[in-house]
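In what follows, a single structure is set out as structure tokens and then discussed.
Below, the structure written as structure tokens:
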């Protein structure tokens, strides 16, 4: 019986329009009424629209942001987050300035970007936060994640260089709202959506075989591989599709609604057997 559902944002909860369809929220309400916990499980930070989505899914629960680096309990502000090693942050800042590429540094509730580029401005709009360029060092000592925003042409070189650093995990992702951009999230070694899902499931006392993860990206695959019910959106990246036990439609086909109804159906079948 499914007791806990983790939901990715870009390509799962929201599509090219950048909004959540009313049918999704209706299905969310049905799932919550059935007693199933819901959590955002996103690469986005806990600010702007992502924070609004999390509160709509479960205002009293734990949510996963920043590819698992930021794990927050909304009502209390309690954090189970993991900081990036300071030497890794220093290397990333130096590399961003040398390359002239967009790098963002995130704490649990704030972020810094110093490159005043169109790509950076559009990403701030996507997140629903003001765009205020400032020195990367102003992020302070509590950096939990760094993120590259680069063109597809520069992506392979940036990813290869990022993966050379010791003590970090690199997670690639895409957004249907910014199709010209490749995102590379950099977190502390071993920290990804899988580690965060384990942490929240433990907080709820839910075994992983009773967890559903719904996603579409390569960064969702680690979490999908450890839960009992991994669900891929119909246009998911190959890594997510390979990890899936169930496949639903894409965002435009309201695949998340199908996934939530699947959870309810599986729960009802278990109840009937009982």
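Residue numbers (the working numbering): 2 to 275. Virtual Cβ for every residue (Gly too), placed ideally from N, Cα, C.
| said: Within 10 Å of its beta-carbon, does residue 274 have 16 or more other beta-carbons around it, so buried, or fewer, so exposed? | reply: Since pLDDT at residue 274 reaches only 49, below the 50 mark, its modelled position is unreliable, and no value is offered.
| task | Please check the pair residue 219 and residue 173, which I expect to be a contact at CB under 8 Å, by giving their CB distance rounded to whole angstroms. | result | Right, the Cβ-Cβ distance comes to about 5 Å (below 8 Å), so this counts as a contact.
| Helix, strand or coil at residue 177 according to DSSP, with G and I counted as helix | Here residue 177 carries a coil assignment [DSSP, helix/strand/coil].
| message | Below 8 Å on the Cβ atoms is my contact criterion, and I expect residue 46 with residue 107 to pass it. Report the Cβ-Cβ distance as a whole number of Å. | response | Between residue 107 and residue 46 the Cβ distance is about 5 Å, and since that is below 8 Å, they are a contact.
| task | Taking only the alpha-carbon atoms, compute the straight-line gap between residue 194 and residue 158 and give it to the nearest angstrom. | result | Put simply, the backbone Cα of residue 194 is about 24 Å away from that of residue 158.
| said: On the CB-based measure, 16 or more other CB atoms within 10 Å of its CB, does residue 170 come out buried or exposed? | reply: The Cβ neighbour count for residue 170, taken over all protein chains shown within 10 Å, is at least 16; the residue is labelled buried.
| field | Alpha-carbon spacing of residue 230 relative to residue 105, whole angstroms | value | So the alpha carbons of these two residues sit roughly 33 Å apart.
| query | Between which two residues does the beta strand (DSSP E) harbouring residue 73 extend? | reply | Taken as a continuous stretch (DSSP letters only), the beta strand (DSSP E) holding residue 73 covers 71–74.
| task | Just list the alpha helix (DSSP H) runs in the region 18–98, keeping only unbroken ones of 4 residues or longer that don't cross its boundaries, in chain order. | result | Restricted to the region 18–98, the alpha helix (DSSP H) segments that are unbroken, complete and at least 4 residues in length are 23–34 and 49–58, listed in chain order.
| task | Going by CA-CA distance only, name the one from 2, 8 and 75 that's closest to residue 252. | result | Answer by Cα proximity: 8.
| According to the Cβ coordinates, are residue 6 and residue 41 closer than 8 Å? | Note that the C-beta distance between residue 6 and residue 41 is not below 8 Å.
| Own chain residues within Cβ distance below 7 Å of residue 1, not counting five before or after | Since the first residue shown for the chain is 2 and the last is 275, residue 1 is missing from the structure and cannot be characterised.
| message | Quick test of your reading: residue 200 and residue 81, contact by CB under 8 Å. State the CB separation rounded to the nearest angstrom. | response | Correct: roughly 5 Å between the Cβ atoms.
| message | DSSP three-state label for residue 239, please. | response | Of the three classes helix, strand and coil, the one that applies to residue 239 here is helix, per DSSP.
| Alpha carbon of residue 153 to alpha carbon of residue 185, nearest angstrom | Straight-line Cα distance between these residues: approximately 11 Å.
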